[in-house]
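Residues in the sequence shown are numbered from 0 upward in steps of one, following numbering that gives the first Met the number 0. In what follows, a single structure is set out as structure tokens and then discussed.
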Amino acid sequence: MSDTPVEEMSFEAAMRELEQVVGQLERGDVELEKSITLYERGAALKARCEAKLKEAEEKVAAITLDGNGTPAGLTPVEGM
């Protein structure tokens, strides 16, 4: 498990660590207290991944197309 704060992680880093956490929990070879800590970290990582995906979706949705369907610019997204 990384010491990097979840809020500072890229989508890819958070996803990699989330996969490791899930793997450890699925194996069931960790003590109860460690399982709780892993679960809490996993929940935070999942939330980070969801937030980064939503951010990316909003950026993609803001791309405007011209008459030929090619990207012509960006429409400002509220709050960004």
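Every residue, glycine too, gets a C-beta built ideally from N, C-alpha and C.
For this session: Give the range of the beta strand (DSSP E) segment to which Thr63 is assigned.
Result: Here residue 63 refers to the residue found at position 64 when the sequence shown is read from its first residue. Looking at the DSSP string, the run of the beta strand (DSSP E) that includes Thr63 is 62-64.
Going by the CB atoms, is the gap between Leu44 and Ala96 shorter than 8 Å? Residue 96 is absent from the model: the chain starts at 0 and stops at 79.
Under three-state DSSP, which class holds Gly91?
Past the edges of the chain, shown from 0 to 79, lies residue 91, and the structure says nothing about it.
* **Integer-rounded CB distance, given that Met8 should sit under 8 Å from Arg47** => Position 48 of the sequence shown holds residue 47. Position 9 of the sequence shown holds residue 8. Confirmed, Cβ separation roughly 6 Å.
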